Every structure is written in C-alpha cells, then in structure tokens.
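Presented below is the structure to which this report refers.
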Amino acid sequence: MNSPLPSENKPLKYAALDFETAYWGPANACSLGIVVSDGKEIVDEWYHLIRPMTLKFDAGCMKVNGIHPEDVAEEEPFPFFWDEIAKRLEGTIVFAHNARFDMGVLASALDFYHLPDIHFRYGDTVVLSRKLWKDMENHKLNTVAENLGFSFNHHQALDDARACEYIVRKALEETGLPSVEALMKETGQNLKRFAVKRGERKLDT
Numbered sequence: 002m003n004s005p006l007p008s009e010n011k012p013l014k015y016a017a018l019d020f021e022t023a024y025w026g027p028a029n030a031c032s033l034g035i036v037v038s039d040g041k042e043i044v045d046e047w048y049h050l051i052r053p054m055t056l057k058f059d060a061g062c063m064k065v066n067g068i069h070p071e072d073v074a075e076e077e078p079f080p081f082f083w084d085e086i087a088k089r090l091e092g093t094i095v096f097a098h099n100a101r102f103d104m105g106v107l108a109s110a111l112d113f114y115h116l117p118d119i120h121f122r123y124g125d126t127v128v129l130s131r132k133l134w135k136d137m138e139n140h141k142l143n144t145v146a147e148n149l150g151f152s153f154n155h156h157q158a159l160d161d162a163r164a165c166e167y168i169v170r171k172a173l174e175e176t177g178l179p180s181v182e183a184l185m186k187e188t189g190q191n192l193k194r195f196a197v198k199r200g201e202r203k204l205d206t
C-alpha cells in the first residue's frame, strides 16, 4: 500500500477575499470580505465597511459597488480592523479573482498606514478558471460562478469572496486533488508570496 503524499496529511485550509474600492489611489478600500474554507465548506466569514482616506468617491466605483460616502462616513479606517484581517490571512493560502488588484489594495493600505508585514501566499481564480474551464464565454467572477451553479450578489465584497472560495472548492472537487498546492501545480501555476513595497504610497495598477 502506498503511503499518502505529504500534502494529503495536511489539513486543507485556504481563504478568499475581495475588496471594493472608493477611488484609484492609496488607502482606497471601502469594504472587505474574507472567507476561510476547509475545502468542503466555509468555516469562517468576516465583512466590514471601511472608511477610506478620503470621502471623495469616484463615480465609476460607486456605480460598480453601490457604496457611497455616506455609507462609510461613520465607519472606522482600515487600521482599526487590521487584527481581525491579519488573523484570517497570516500563514494561509489566499485566493482572489484578479488577485493582482486585491493584493495591490491590501499592500497599499499596509504601506499607507504603516501597518506590519503579513506573510501568506496567494493564487488567482481568474487564472485557475481559465486553465480548468476553457470553454466558458469569459472568466469574469460572475460568469465563472454562475456556470458552476453559484448565485451571488456581484460586487458585494463578502459575496464575491464566497464566490471565489466556491471556484477553488469546485476545482478541488473536479480534479480530485488533495490540496491547493497540488491544484496550483496541476494547472501550471505558482503560488505567489504577498509583499509590500514600502514608501510608494500608491496603488500598483
């Protein structure tokens, strides 16, 4: 009898997150949703509105996510929530749909508010879905999730995070792979290490 692979002995755990933003610039997050999964179901969720650096919102952002200055004027800024955010992300594998954007928002906030570094690796469900479901008309979050049978409120941060987690879960189910590391390897991807470029004070777009 063959011994199980090392990855099969690890508890399967990963997180998914989604930011909604108020404008293009530093400290621009106006909401964040995070879910933590054991590969079979979501075991933890966190969501909050966030007051960005300025309440001068971009009209295009408001049209997309429906969040207006008055919705967040009495909310706390990003540093207030950092402990709650960090404890869900530190040391885990994090997924986002178009991860470069969300990781840029997170890095911008940590840099702008002089918050401590956090250590995790991340993957992108856009790339994952393109590898596994090539025949979909496009690989936008709503298209992929709905093709996989998941209905949600697009551009609501917690719902987007749930949809992202569901994509990873379905990918694990369909491939039968024992871990997200194995899933990434099978689809020809490398998990990236999150890093903050200090002193830039701008969102890397």
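Numbered by the working numbering, the letters in the sequence shown go through residues 2 to 206 in order. Every residue, glycine too, gets a C-beta built ideally from N, C-alpha and C. It should be emphasised that the depicted structure is a prediction, and the values quoted were computed from it without experimental measurement.
Three-state class that DSSP yields for residue i in the structure shown
i	result
TYR48	strand
ARG101	helix
GLU138	coil
LEU149	coil
LYS41	coil
SER130	helix
LYS193	strand
ARG122	strand
PRO220	Since the first residue of the chain shown is 2 and the last is 206, residue 220 is not available in this structure.
PRO53	coil
Straight-line Cα distance separating residue j from residue i
i	j	result
MET104	ASP136	28 Å
ARG199	ARG170	34 Å
LEU173	ASN139	21 Å
ASN100	ASP125	Looking at the sequence itself, residue 100 is Ala, so the reference to Asn does not match. Approximately 5 Å between the Cα atoms of the pair.
GLU91	PRO70	30 Å
LEU204	PHE113	For LEU204, the predicted model reports a pLDDT of 38, less than 50, meaning its position is unreliable and no value from the coordinates is stated.
ALA196	VAL95	13 Å
GLY61	PRO53	16 Å
ASP161	LEU111	22 Å
Residue i versus the options, residue with shortest Cα-Cα distance
i	options	result
MET63	GLY34, VAL197, ASN29 and PRO80	ASN29
LEU18	VAL73, LYS132, SER109 and TYR123	TYR123
ALA74	VAL65, LYS57 and LEU90	LYS57
LEU33	ILE51, GLU182 and PHE121	ILE51
VAL36	PRO27, PHE20 and TRP25	PHE20
GLY40	THR55, PHE81 and PRO179	PRO179
TRP25	ASP45, TYR48, THR55 and LEU142	THR55
Test item: CB-CB of residue i and residue j under 9 Å
i	j	result
SER152	ALA146	yes
ALA23	THR93	no
LEU129	ILE168	yes
VAL127	HIS155	no
GLY177	LYS132	no
Classification of residue i by the beta-carbon crowding that lies within 10 angstroms, buried from 16 upward
i	result
PHE79	buried
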